[in-house]
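2 protein chains.
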Amino acid sequence: MAKGEWMWYPQDFAWMLYHKIMHSRRQRESAIVPSWRTDGPYDSVTFRRELTLQKAEKIRFVCDGRLTLNIDDSPDYTVLPQSGEIELSAGAHTLTAGVVRFTGLPCLFVQGETVKSGREWKVQCGNNIWKDAETNGFFDSIKSPNDCALPEKKITYVQRQRVGEGVLFDFGAETMARVCLSGCEGGFVSVYYGESREEALDSEHCETLDRARVDGGKAQMPQEMGFRYIYVVPADDAAEAEAYERCIDYPIAGDFHCGDTLMESIYDVARRTYRLTEREFFFDGLKRDRWVWSGDVFQSEMMDFYTDFNTEVLRRSLLVLGGKREADFHINTILDYTLYWMIALHRYAYYTGDSDFIREVFPRAEQFLRFCAVREDENGFLCGKEGDWVFLDWADIDNRGAVCAEQVLYCESLRCMAELSARCLGKQRTDLMEKADSLQNKIKQTFWTGEKGCFVHGKIDGKLSEKTTRYANIFAFLFGMLTEQERSAVVQNVLKNDAVQAITTPYMKFYELSALAESGDIPSVLQYIRAYWGGMIEEGATSFWEEYDPNVRGAEKYAMYGRKYGKSLCHAWGASPLYLIGRYIAGVQPESFGYDRFIAQPYIGSFRRWSCRLPLREGELTLAVGEGYCIVKSTKQSGRLLLPSSLPFLQGGAETEVVPGKEIIVRWEVQ
Amino acid sequence: MAKGEWMWYPQDFAWMLYHKIMHSRRQRESAIVPSWRTDGPYDSVTFRRELTLQKAEKIRFVCDGRLTLNIDDSPDYTVLPQSGEIELSAGAHTLTAGVVRFTGLPCLFVQGETVKSGREWKVQCGNNIWKDAETNGFFDSIKSPNDCALPEKKITYVQRQRVGEGVLFDFGAETMARVCLSGCEGGFVSVYYGESREEALDSEHCETLDRARVDGGKAQMPQEMGFRYIYVVPADDAAEAEAYERCIDYPIAGDFHCGDTLMESIYDVARRTYRLTEREFFFDGLKRDRWVWSGDVFQSEMMDFYTDFNTEVLRRSLLVLGGKREADFHINTILDYTLYWMIALHRYAYYTGDSDFIREVFPRAEQFLRFCAVREDENGFLCGKEGDWVFLDWADIDNRGAVCAEQVLYCESLRCMAELSARCLGKQRTDLMEKADSLQNKIKQTFWTGEKGCFVHGKIDGKLSEKTTRYANIFAFLFGMLTEQERSAVVQNVLKNDAVQAITTPYMKFYELSALAESGDIPSVLQYIRAYWGGMIEEGATSFWEEYDPNVRGAEKYAMYGRKYGKSLCHAWGASPLYLIGRYIAGVQPESFGYDRFIAQPYIGSFRRWSCRLPLREGELTLAVGEGYCIVKSTKQSGRLLLPSSLPFLQGGAETEVVPGKEIIVRWEVQ
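Protein sequence lines, in the order shown, are assigned to chains P and X. Note that numbering that gives the first Met the number 0 gives residue 448 to position 449 of the first sequence, counting from 1, and the numbers run on in steps of one. Note that numbering that gives the first Met the number 0 gives residue 588 to position 589 of the second sequence, counting from 1, and the numbers run on in steps of one.
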């Protein structure tokens, strides 16, 4: 027998997952409607295949949906018997199979002696444009892709405690799991989930809860939730809880050791945070939204390249962010998020060299460029219009009018699109390059003040802001839009100026610390990581938070969005030490667009002895740095090891070629 | 209490109906997948209303879908109790209601003392573009728009006959009805539907059938089907059948009497055909597709203006033809059908003056113009590309390359769009006018042969067809693209030239006879109607057919598409005598774009005495013409009665103003 596998319309597996997940958010007893239009798969598709059989064979069709089969373009259609099997004579045939499923993914499994489903089939969605069918390794005919889920693993609580009428179970760390209870009394049982102990015990205000009927002392909760604690009511000493954690099982390469316990904990908790939010897509967080947000995905992407280089989850996340129907609103309805998405597409290609995917999504990106173009003001600045959310950050900022940081992001987006077009589509886009250059000039003319030596926040109704914020300065620094002189001014007047409003979200810390690192001040970056992320660890974090203000103490720290426990305590953007360490301590990056070769430029002075393991585009890189030596090994890719030329080398020098499979050692004299 | 009514996202009621109906086609035991992408409603919408209450009131919410309610933009959502009622205090409030329904129409019914659902609510589909909610008179909270159906009427058979193991019931005329049986034996009963007696009795080959379980001697078929006969097996003398016909109940104005029994029958059967296919949309036919096809809708539209002027069904049909997602394939996948749609939009506005609807759909039409533009060949001719169906007619024609008739339709489409833009959007489109003029010149230069004095069929691979077909000549004649000299040539060399391949579908007869009528040869038109449609009546037609060839006799005449009973015997495009009589015998048409006034120019010599009633844009027009007189009355609209100036008038003259409510009589001397 040939090996059949489930097939579907290209990309529709991703759209099915996206639609399902975007609609699974709940807040207490309410289902939450996605905040933006969430496209799903096509509900009606037709598969087609021409083939020639050497001899007659029986072919079995298994359909998740309603099947309409036509053999040899006959005017009559075939109704499959219960067994779903037809017999086809030897010779040339044409099989046409319409599949309809109004929710979920219409998909088909075909298996015969020689004939099978797979990418050799063509499929169309009713527009008569035939594409190759898509598959993704679903070989079991009785388990449709609609039923797929992340691998499940049983976990047990580490502590239990009678509290009032119920029992509090502590699973020891943040998780995303489905809870099963036993030893319950009859009737209904309630489960109050908490990322903190306080939240679980506060049954009136915890963000999520479940009520289930007890059957034979047992009760199963309907879906996995994000939590560390559960408070089960009513329950007594007889009650037991276990949970089934769902986690992706892609191997993680990222690892870091430096002898500094706090730094190692920070790295481990960051990696755990990253892994928990890396699911069917890169989610923002576990407890609350579990949505795909562009601002979050972009940061997860940069962490991905230094943690497990999982391009499938990344590609799928970038795909669904772009949307399927017409681009008539900003991605996630947020102006900045459209721009991050275009930049994220560029970084994807820069790190992976995958032009195929870029060619697929480029038409969408062009739609967004057109959408942005009609939202420019008379100066060509991209402004928020009715229905747009100009977000930037959770902070005290006025985002009306032309916000400088948005223009900097827009300028970078235009350059990213131009480079993608040139490199992946082979089409020069001087129009975009010229637009970007002109925009950059206008940004500097409009928002840079010589007096303050930096960019001010924005311009509303023709009037420049009095206020300086960090955002535009950070982005312009990172995107290489500044002269040497301007860079120094920004470091002095903004990055290291406590008078400028501080950033309090790990989200913007990502960019701020990246800029600080780019400026060469790695010690300050490390000091900050220790203080800020270390602060969360001290507060008992087992994963990093959506927002953290060291000055807020007690249960107050869990509040956000006007709700006592509104804050997510496991948030993707909290994991940025993964990127900061990989990119600026290990100093790893692609040598050029496509990542054919790497550069490793470790920061020598960071710790007395440290080592790390990181993924490259192919294989892994290990680095060990100590007093007077650096050892590097790459499993599959070639690259260059760069060290400060000022070192008094004993073995090797400032620039060393690294070839796959071979350990390179450079030594220098310790002074 | 305020009067609540169901509300939904604008246009989504139409998309719900369209999706449901396009997916209801069956052929014997197979469901047929729609031949083109069939868009449905948005599955997730949010309603919003700001209001101020003088005093506290209770408000009831009924939701067809899953409701998430938020009061006053609270961070907490509201879970409605079973009763679906909230109490709102006096003062200012904001109500936000998310509604999710994965298939069908998400919709909401709100009712309080003063607060109610309705068009004062705003609604959006996740793109943050707020629109006015839509309603359509669904005031019953327990009957959601998702359950709506056309009004039902019980009908009974006129004859029954034992045949073999079953009973054949004849309902006397074509119908669309749901069958209910009684007096059946146990187990399962089969119903074989037939538009002809032959079809119903041919259980192996009839197009549609149902099998249902008998319960207490009774069996109900699941949905309405198109048929005249049903053959019920097994059944004996105890078996009884009744049916519930579903028909639109919009009042019909169209009526015609002329003392000629055959002509009156033709008119009546045409009107019945029209009415049966005028349902949620203008369908092609009852038995088979029950789909919305642009070529059919355009003709139904022209009949509509002379039969019942039902703009709701028309608007809904035109809307869904345009599609909802991106325009990446021709309407119904057929090149000509995109063009008919644009022309149909123009005729809609020309006859109704409804600029609002045109403004709504114009962006879609512009997408199709762009879609067509990229399908032009190097001469600017619109050609079929991969995936396109160049249809024109069921006939022996070669539609590869540049087909002349398609260019004529394209040229008219461009002019229609330009006029719609100017009149309904207030925007001159000289680009489209110039493109049309240039295309018309190229059409004449390329396809007109002086030798034959007409257009040839097309041009394939740079080579002009040897063959002349009627299509391009008819369309160019109708759309006013010909000089006087060219018109005469076309009448002589094509319309009245039996050597040119004859048209055999009522579909193309519509255009051919219109052209003949425009040429002034009404006698030939009437003679043809009598012969062609009269021929179907003689064959026992109770509704007009998809195709009719007087030379085919016996059960052969029911075959089409390679199937014994593939032909539809109740097909919208068969009803064109309605249009031909209204437009060319009664001679009624708008005086100008928008139909503010009418023109009636009755054809005096058609019958000895005849009278008709026709709808106008507002109200009705009655006309009676006999030997020496013409009586005309309009109930609501003003217009002009035009008679041949050559008549020897006794009372009134060649041109008479008609004012509403007043009967006008013009008399002349009979010679």
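No residue lacks a Cβ here, since even glycine has one placed at the ideal position from N, Cα and C. On a predicted model such as this, the values are computed, not experimentally measured, just so you know.
Do you know how far the Cα of His329(P) is from the Cα of Ser673(X)? Outside the shown range of chain X (0 to 670) lies residue 673(X), about which nothing can therefore be said.
Secondary structure of Leu642(P), DSSP reduced to three states: Position 643 of the first sequence, counted from the first residue, corresponds to residue 642(P). Coil, per DSSP.
When you compare the CB of Tyr230(X) with every CB in chain P, is at least one pair closer than 9 Å? Residue mapping note: residue 230(X) aligns to position 231 of the second sequence, counting from 1. So no, Tyr230(X) is outside the interface.
How about Leu494(P) and Ile528(P): do their beta carbons lie closer than 9 Å? Within the first sequence, numbered from 1, the residue matching residue 494(P) stands at position 495. Within the first sequence, numbered from 1, the residue matching residue 528(P) stands at position 529. Between Leu494(P) and Ile528(P), the C-beta spacing is not below 9 Å.
Considering only DSSP beta bridges, list what Ala91(X) is partnered with. Start at 1 with the first residue of the second sequence, and residue 91(X) comes out as number 92. Residue pairing for Ala91(X): DSSP places it in a beta bridge opposite Thr51(X).
Should Cys124(P) be flagged as near chain X, meaning a C-beta pair shorter than 9 Å? The sequence position of residue 124(P) within the first sequence is 125, counting from 1. Interface annotation, Cys124(P): in contact with chain X, CB-CB separation under 9 Å.
Going by beta carbon distance, what residues of the same chain come within less than 7 Å of Glu119(X), once the five residues before and after it are set aside? Against the second sequence, residue 119(X) aligns to sequence position 120. Result list for Glu119(X): Arg48, in chain order.
Run through chain P and tell me which residues come within less than 7 Å of Tyr347(X), C-beta to C-beta. For this step, residue 347(X) is matched to residue 348 along the second sequence. Within chain P, no residue comes near Tyr347(X); the closest Cβ sits about 24 Å away, beyond 7 Å.
Helix, strand or coil for Ser181(X)? Go by DSSP, reduced to three states. In the second sequence, the residue the question calls residue 181(X) occupies position 182. Ser181(X) falls in the strand class under three-state DSSP.
With DSSP run on the structure shown, which of helix, strand or coil describes Gln427(X)? Translated into the one-based positions of the second sequence, residue 427(X) becomes position 428. Looking at Gln427(X) - three-state DSSP - the assignment turns out to be coil, as it is neither helix nor strand.
For Ile459(X), which residues does DSSP report across the bridge? Taking the first residue of the second sequence as position 1, residue 459(X) is located at position 460. Per DSSP, Lys462(X).
With 16 as the cutoff for other CB atoms within 10 Å, does Lys115(P) come out buried or exposed? Stepping through the first sequence from its first residue, residue 115(P) is reached at position 116. Buried is the call here.
Using the rule of at least 16 other Cβ atoms within 10 Å of the residue's Cβ for burial, across every protein chain shown, is Gln636(P) buried or exposed? Numbered from its first residue, the first sequence carries residue 636(P) at position 637. Per the 10 Å Cβ criterion, buried.
How would you label Gly586(P), buried or exposed, when you count the other beta carbons within 10 angstroms and need 16 or more for buried? Start at 1 with the first residue of the first sequence, and residue 586(P) comes out as number 587. Counting Cβ neighbours within 10 Å, Gly586(P) comes out buried, since at least 16 surround it.
Beta-carbon gap between Asp201(X) and Lys563(X) smaller than 9 Å: Numbered from its first residue, the second sequence carries residue 201(X) at position 202. Numbered from its first residue, the second sequence carries residue 563(X) at position 564. When the beta-carbon positions are compared, Asp201(X) and Lys563(X) come within less than 9 Å of each other.
Which ranges would you report for the beta strand (DSSP E) in the region 585-660 of chain P if only whole runs of at least 3 residues count? 587-589, 597-599, 609-614, 619-625, 628-633, 638-641, 648-650 and 654-657, all fully within the region 585-660 of chain P.
Against Gly452(P), what residues of chain X qualify as contacts under a CB-to-CB distance less than 9 Å, listed in chain order? For this step, residue 452(P) is matched to residue 453 along the first sequence. What Gly452(P) touches in chain X: nothing, since even the nearest Cβ is about 38 Å away.
Consider the Cβ of Val99(P): report whether some Cβ of chain X lies at a distance smaller than 9 Å. Here the question's residue 99(P) lines up with position 100 in the first sequence. Yes, contact with chain X.
Does the Cβ of Glu164(X) have 16 or more other Cβ atoms within 10 Å, making it buried, or fewer, making it exposed? Taking the first residue of the second sequence as 1, we reach residue 164(X) at position 165. So Glu164(X) counts as exposed.
Alpha-carbon to alpha-carbon, Ala571(P) and Cys124(X): As a first step, residue 124(X) is located in the second sequence; it is residue number 125 there, counting from the start. As a first step, residue 571(P) is located in the first sequence; it is residue number 572 there, counting from the start. Each residue's CA atom was taken as its position, placing Cys124(X) and Ala571(P) some 28 Å apart.
Short of 9 Å Cβ to Cβ, which residues in the region 386-399 of chain X face chain P? Cβ contacts with chain P: Gly386, Asp387 and Trp388.
Could you check which residue in Gly64(P), Ala89(P), Val407(P) and Asp520(P) has the C-alpha nearest to that of Asp146(P)? Stepping through the first sequence from its first residue, residue 146(P) is reached at position 147. If we check each option's Cα against that of Asp146(P), Gly64(P) comes out closest.
If you check the beta carbons only, do Tyr191(X) and Leu180(X) fall under 9 Å apart? Residue mapping note: residue 191(X) aligns to position 192 of the second sequence, counting from 1. Residue mapping note: residue 180(X) aligns to position 181 of the second sequence, counting from 1. Pairing Tyr191(X) with Leu180(X) gives a Cβ-Cβ distance that is not under 9 Å.
Using a Cβ cut-off of 8 Å, pull out every chain P residue sitting near Phe328(X), in sequence order please. As a working note, residue 328(X) is residue 329 in the second sequence. Ordered by position in chain P, the residues that pass the 8 Å Cβ test against Phe328(X) are Gly125, Asn126, Asn127 and Ile128.
For Ala501(X), does the count of other Cβ atoms within 10 angstroms reach 16, so buried, or fall short, so exposed? Locating residue 501(X) in the second sequence gives position 502, where the first residue counts as 1. Ala501(X) counts as exposed, since fewer than 16 other C-beta atoms from the protein chains shown sit within 10 angstroms of its C-beta.
Kindly list the residues whose CB is nearer than 6 Å to the CB of Thr93(P), restricted to its own chain and excluding five residues on each side of it in sequence; keep chain order. Within the first sequence, the letter at position 94 stands for residue 93(P). Listed in chain order, the non-local C-beta contacts of Thr93(P) below 6 Å within the same chain comprise Glu49, Asp71 and Asp72, local neighbours out to five positions each way being set aside.
Chain P beta carbons: is any one of them nearer than 9 Å to that of Ala30(X)? Within the second sequence, the letter at position 31 stands for residue 30(X). Between Ala30(X) and chain P, the shortest Cβ-Cβ separation is below 9 Å.
I think Trp340(P) touches Thr504(P), with their Cβ atoms under 8 Å apart; what is that distance to the nearest whole Å? Along the first sequence, one-based indexing puts residue 340(P) at 341. Along the first sequence, one-based indexing puts residue 504(P) at 505. Approximately 19 Å separates the beta-carbon atoms of Trp340(P) and Thr504(P); this is outside 8 Å, ruling out the contact.
Quick one: what's got a C-beta closer than 6 Å to Glu679(X)'s C-beta in the same chain, skipping five residues either side? The structure shown does not extend to residue 679(X), since chain X is modelled only from 0 through 670, so no value can be given for it.
Touch check for the region 470-488 of chain X and the region 396-409 of chain X: three-plus C-beta pairs under 8 Å? Touching, per the Cβ criterion.
Considering only the alpha carbon of each residue, which of Ser644(X), Pro150(X) and Leu477(X) lies closest to Pro601(X)? Taking the first residue of the second sequence as 1, we reach residue 601(X) at position 602. Minimum Cα distance to Pro601(X) is reached at Ser644(X).
Kindly list, in the order they appear in chain P, the residues whose Cβ is closer than 7 Å to that of Gly561(X). Here residue 561(X) is taken as the residue at index 562 of the second sequence, counted from 1. In chain order: Pro74.
C-alpha gap between Phe226(P) and Thr174(P), whole angstroms: Here residue 226(P) corresponds to residue number 227 of the first sequence, with the count starting at 1. Here residue 174(P) corresponds to residue number 175 of the first sequence, with the count starting at 1. CA-CA distance, Phe226(P) to Thr174(P), rounds to 6 Å.
What does Thr67(X) touch in chain P if you count any residue whose Cβ is under 8 Å from its own? Taking the first residue of the second sequence as position 1, residue 67(X) is located at position 68. Within chain P, the residues Ser29, Ala30, Ile31 and Val32 have their CB atoms less than 8 Å from the CB of Thr67(X), given in chain order.
Under 9 Å, do Phe509(P) and Ser567(P) count as touching if we go by C-beta distance? In the first sequence, the residue the question calls residue 509(P) occupies position 510. In the first sequence, the residue the question calls residue 567(P) occupies position 568. Not closer than 9 Å, so no.
In chain order, what residues of the same chain lie with their CB nearer than 6 Å to the CB of Ile333(X), ignoring the 5 residues before and after it? Taking the first residue of the second sequence as position 1, residue 333(X) is located at position 334. The beta carbon of Ile333(X) lies closer than 6 Å to those of Trp388 and Phe390 in the same chain, with the five residues before and after it left out.
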